[in-house]
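Each remark here refers to the structure printed beneath this line.
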Amino acid sequence: MTGKGRSLIRVLAVAAGVLLAVCAAHADPAGPAGGADMAMRASPSYWFRVLIPGDQVPSQIGYASFRKGGDDVLVFAADLPVSLEALRAVSGVPGAQVVHLAGATILRLPLPEAKPLGVLASATSFHILIGDAPAQEPVVALFRHGQIRFPTTVPGRVVAVEDADRQRPLLVGTVTGPVALRARLEGPGYRSVPASSGVVIAPVADDLGLVADKDGFVLRADGAALPVGDPPVSQQRVDAPEQAGGLDLPHGSILALRHRLDREQRQWAAAPPLDRVRQSLRIARTMLSLDLAPEAHGVLIAMLGGDPAAIDNPERGALMAVADLLSGRPDKAMAHWPEGQGVGDERSLWLGIAAAAQGHDKTAAALLADHMAPLAAAPALVRHQVDPLVAEALVRGGALAAAQRVADRMQDDPTTHLIRAEIEQASHHPRHAITDYRKLMNSADPRVAGIAAFRETMLQRALGLITPHDAAARLAEHLYDWRGPRHELDMRLALARLRAEDGAWPEALTGLHTALRLFPHRTARIAALRHHLFDRMIASGALDRLPVLAAVSVIENNHDLVPAGAAGVPIVLDLSRRLAALDLADQAEDVLARALSGMPDGQDRARLGAALARLQLSQNHPHLARKTLDSTAGADLASKVADARLTLAAEIAMQIGPGSAQPMSGSGGTTGVAWVPTLGRGQRPIAGHPAIHRAMSAVPAVPAIPAEGRLDDAAAETVLQSAIAASREHDGPKLAALRARYLARMPHGKEAAVFAAVTSPPVAPTTDLATALAQIAEIERAGRSLAPNPKPAKPQ
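Okay, here's the thing in C-alpha cells:
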C-alpha cells in the first residue's frame, strides 16, 4: 500500500470516530438529566442518534434493547464505528461503555431506572429514545416438540452478550422492526429477560442455544430435546427473578442428564490434566441434578489433585455447599459458599435449607419464606429431595402461606398429604388434621406412617382426648415405625415427658439415658430435658412417693443430676437411707463417699460426713467411722449439726473401747477404769459436752472390771464385747492379751465358751492335728452353749 493510501485510511478512521459526536448537534441538550421533560413531549424526539456508514442500511441491521442490573443495554448486529469518548460526550453519561464484537456493537448506559430506551431506525441512523419508543408487537412463546419458538417476521442475527452477573452469556435475538419479548418466562434450563426490543434469553444449561430462522427464533438444546412441553411453565416460575444465580444446575429428563454426564466425562478425559477444572465443575453440576450429591462431592474433592488452586474457586465452593447439604451433612455446609458467589436469593435459599436440615425451623422459615424463587427453577430431582424438608420447616416456623405454595407444587403423594395435614394442624383445624393423620398411618411409606402416628397421638393428647398413660403407650408402640434420627429423637423426648406426666419417673429418666446413648451428638437437648424432669420430680415431692426400689433406681442412675451444695444434701441422705433399708449398706456408703469427694468444708460436708460415719458404725467399723468423722470436721457448725456429730463421736468411742479412751479418777480413788469418748482430731476430751451426757444416758453404763478374781456376769459381758470388737478389727495382739488376762477368770457358761472361741488363735496351715481338733471342739462347745433350749412338746 502506498503512503498516500495509508494516510487516507487514517483520515477515514478519525472521521469514523467522530461520527457519533457530530450527532450531538441534533441531540436533546438536556441529555439524561433532562429525561423527565424530554419524556413528556408530545412529539417524538430522540436523545441521541447513531449514524450508520454509507455502505450499510439501518433497516437491515438487527437491534435489541433491554435493562440488566443497573444498565440499559443497546445491541446492534453490526460493527458500528462508535467511540467511547463520543458516546460519553453525546449522552452525557460518564459511565457509558462501548463493546465491539465481531459483527456486533454493544452500548451500556448506567441510567436510573425510569422509562425504557427505544430504538427507531431511520434512513441513515438509529435514533435512541427515552420512553417514546414506538409500540412493540409482543412475541408469544410456543412450547412444543422439545423446543421453544418465538415467532416474528423481522428476525435479525443472534448476539452473545457477556453478563457480569452470570457464568454464561446472554443470548440476544435482534430484530429489524418493533418486536419485543416483554414476558418474564422461566423453565428448566432457561430464563427470559424482559426486553424493550428483541428477544433476550439467559441460558442456564451449557448446551442451550438461540437460533434465528425465517419464522423467528428457536430456543433448543444440542442433541436433545428441551425438558419443556405443553402447557408451558406455571405462573409460579413465570414470576421468578431473571438472575441465574451461582449454581446453574442443568435440567432435563433422567435419560438426557445421564447422556449429558457421559459426554462431560469423555470431555474431561480428553482435556489436558491442568485444564480439567471447568469440566469437573460441569460434571458436579450434572451429578447434583441427578441426585448424586455424594458423587458430586467426591468430584469436587478430587479436582484439587490436578489443580490445588481450585480450592479458592467460588463456583466450587457453592457446589460443595449444596453437595454437602444434599448428602446429609448440613452442619458446616454453607461455610464453603463464598459470600459473593451467586445472587442473594439463591444463597439465602440454601442457608434456609441448611437451617431446616438442622432443625432450626424458625431461622429456616425466616430465610425461606422470602427467597423461594430459585427453588422453583431447580432440577426436578433436587426439588423432590428438598421440597418436603422446606415445606415442613415452613409449617413449623409459622410461614403457612409459603408452605402451602410448596405443597401445591409438589406431586400428589403421601409426603404431600402429610404436609397438608400439618398445615391443617398449624391452621387450627385439629379435628381435620387428626382425620388426615389416621388415613396416613396405614401408608406404605414408613416415614409418612411413623410421622402421622406421632402427630395423631400428640394432637389427641393436646386436645385431652387421651390420658398421658395411653399416649405414652401409643408412642412406645410406634417408636420403631420409622427411625429417622430427628423423628426418633422427637418421639423419645415426647415419650419421656408423657411418662413423667403419668408419674412413671423411672421409665421416663431411663428412656432419656437410652436417648443419650443413641444420639451422642444431641446431648445438649437431651440433657436439658433430663435436668427439667429431675428438678420437677424433686420439687413436686414425687420422689418421696416412689417405692423404695424405684426411688433408689432413679437417683442412683441419675446421680449426675443431683444438685451440688445444700440443695443436693437431702437427696443424697434420702438415697443412703433407702439403700441401707434394703440392706445395701456398701452401696449407701458409696453414694455418701461420692457426694463428699470434692465437697468443700462446711455445714453440708459435716452433715454428710456424720451420715457416712453413722452408717459405718452400724456396720461395726468404728475406726473407719472415727476417721470419716475427723476428715469431715468443720468450723462454726450449726449447734444441731455439732451436737449430732459429738453424740456420734461418743458412740464411736464407746464401741472402740479401751484403745481410744482416757482413764478418769473418781473422788474415792481408782476403783476401775471408765471409758470417756474423744474426738478423733487431737484426741481432745469431750466428756463435759451436754451432747455427750445425752449420749451416755442412752448407753448403758460400762461396769468397772475388777483387777483380780473371777468376773461377774456384767464384767464378763464387757470383756466379751471387747474381744468381739478386736476380732472384727483382726487385732491379733489384743485378742491374745485378752485371752491371757481373762480366760481363766471368766465365769462358767456360754460367755466363757464364746470368749474362748473368739480369742483362740487362727488355725495355721502347719498346725498339728491334735491342736486343730482341740480348737474345733472348743468352737463346738461354744455353739452348744448358744443353742436355744428345746421347747417342750405341746400336749396332744
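Heads up, the sequence shown is in our numbering, so the first residue is -16 and it goes up one at a time.
All residues carry an ideal CB built from backbone N, CA and C; glycine is no exception.
Compare the Cα-Cα distances from Gly53 to each of Glu96, Val81, Phe31 and report the closest residue.
-> Glu96
Across which residues does DSSP place Arg203 in a beta bridge pair?
-> Gly192
Can you tell me which of the three DSSP states Val123 falls into?
-> coil
With a CB to CB cut of under 6 Å and the five nearest residues on each side skipped, what residues in its chain are close to Val282?
-> Ser263, Ile266, Ala267
Among all the DSSP beta bridges, which residues are the ones paired with Pro134?
-> Gly199
Buried or exposed: which applies to His411, given that a residue is buried once 16 or more other Cβ atoms fall within 10 Å of its Cβ?
-> exposed
From Pro138 to Gly199, what does the alpha carbon distance come to, in whole angstroms?
-> 5 Å
Do the region 447 to 455 and the region 474 to 493 make contact, defined as three or more Cβ pairs closer than 8 Å?
-> yes
Considering only residues of the same chain and omitting the five flanking positions on each side of Met582, which have a CB-CB separation below 6 Å?
-> Arg588
With 16 other CB atoms within 10 Å as the buried threshold, where does Gln704 fall?
-> exposed
Under three-state DSSP, which class holds Leu92?
-> strand
Mapping DSSP to helix, strand and coil, what is Ser175?
-> strand
Of the listed residues Lys623, Ala436, Leu600, nearest to Ala633 (C-alpha basis) = Leu600
Looking only at its own chain, which residues have a Cβ that is under 7 Å from the Cβ of Ala780, when we skip the five neighbours before and after it?
-> The first residue shown for the chain is -16 and the last is 779, placing residue 780 beyond what the model contains.
Grab the span of the alpha helix (DSSP H) containing Ser705 for me, first residue to last.
-> 696 to 711
Distance CB(Ser175)-CB(Val162) smaller than 8 Å | no
4-residue-minimum alpha helix (DSSP H) runs that sit fully inside the region 289 to 313, ordered along the chain = 297 to 309
Assign Lys51 to buried or exposed, taking buried as 16 or more other Cβ atoms, counted over all protein chains shown, within 10 Å of its Cβ.
-> buried
Of the choices Ala563, Ile402, Leu446, Ala445, whose alpha-carbon is the least far from that of Ala432?
-> Ile402
Could you give the C-beta distance for Phe517 and Leu501, rounded to a whole number, given that I count them as a contact under 8 Å?
-> Phe517 to Leu501, Cβ: 20 Å. No contact.
Report all residues from its chain with a CB closer than 7 Å to the CB of Val221; omit the five preceding and five following residues, and keep chain order.
-> Below a pLDDT of 50, predicted positions are generally treated as unreliable, and Val221, at 32, falls in that range; no measurement from the model is reported.
Ala186, buried or exposed, once every other Cβ within 10 Å from all chains shown has been counted against 16 = In the sequence as displayed, the identity of residue 186 is Pro instead of Ala. Pro186 is buried by the Cβ-count criterion.
DSSP beta-bridge partners for Ala185?
-> Arg174
Quick one: Cα of Ala360 to Cα of Val537, how far?
-> 55 Å
Would you call the CB atoms of Leu244 and Leu273 closer than 8 Å?
-> yes
With a cut-off of 8 Å, do at least 3 Cβ pairs link the region 507 to 517 to the region 547 to 557?
-> no
Would you mind reading off the limits of the beta strand (DSSP E) that contains Tyr46?
-> 46 to 51
State the Cα-Cα distance for the pair Val319 and Val40, rounded to the nearest angstrom.
-> Residue identity differs from the one stated: residue 319 is His in this sequence, not Val. In a straight line, the C-alpha of His319 is about 53 Å away from that of Val40.
Chain-order list of residues whose beta-carbon lies under 6 Å from that of Lys315 (same chain, five-residue window excluded) | none
According to the Cβ coordinates, are Leu565 and Leu579 closer than 8 Å?
-> no
By a C-beta neighbour count over all protein chains shown, 10 Å radius and 16 as the cutoff for buried, is Arg241 buried or exposed?
-> exposed
What is the residue span of the alpha helix (DSSP H) that Val389 lies within?
-> 383 to 392
With distances taken Cα to Cα, identify the nearest neighbour of Arg366 among Ile336, Ala253, Gln341.
-> Ile336
Would you give the residue range spanned by the alpha helix (DSSP H) that Arg32 belongs to?
-> Run containing Arg32: none in the alpha helix (DSSP H); it sits in the beta strand (DSSP E), 31 to 34.
How about Ser108: is its Cβ closer than 7 Å to a heavy atom in the ligand ATP?
-> Absence of the ligand ATP from the depicted structure is noted, as is the absence of any ligand whatsoever, leaving it without description.
Can you tell me the Cα-Cα spacing of Gln414 and Pro429, whole angstroms?
-> Correcting the residue identity first, residue 414 is Arg in this sequence and not Gln. The straight-line gap from Cα to Cα measures roughly 23 Å.
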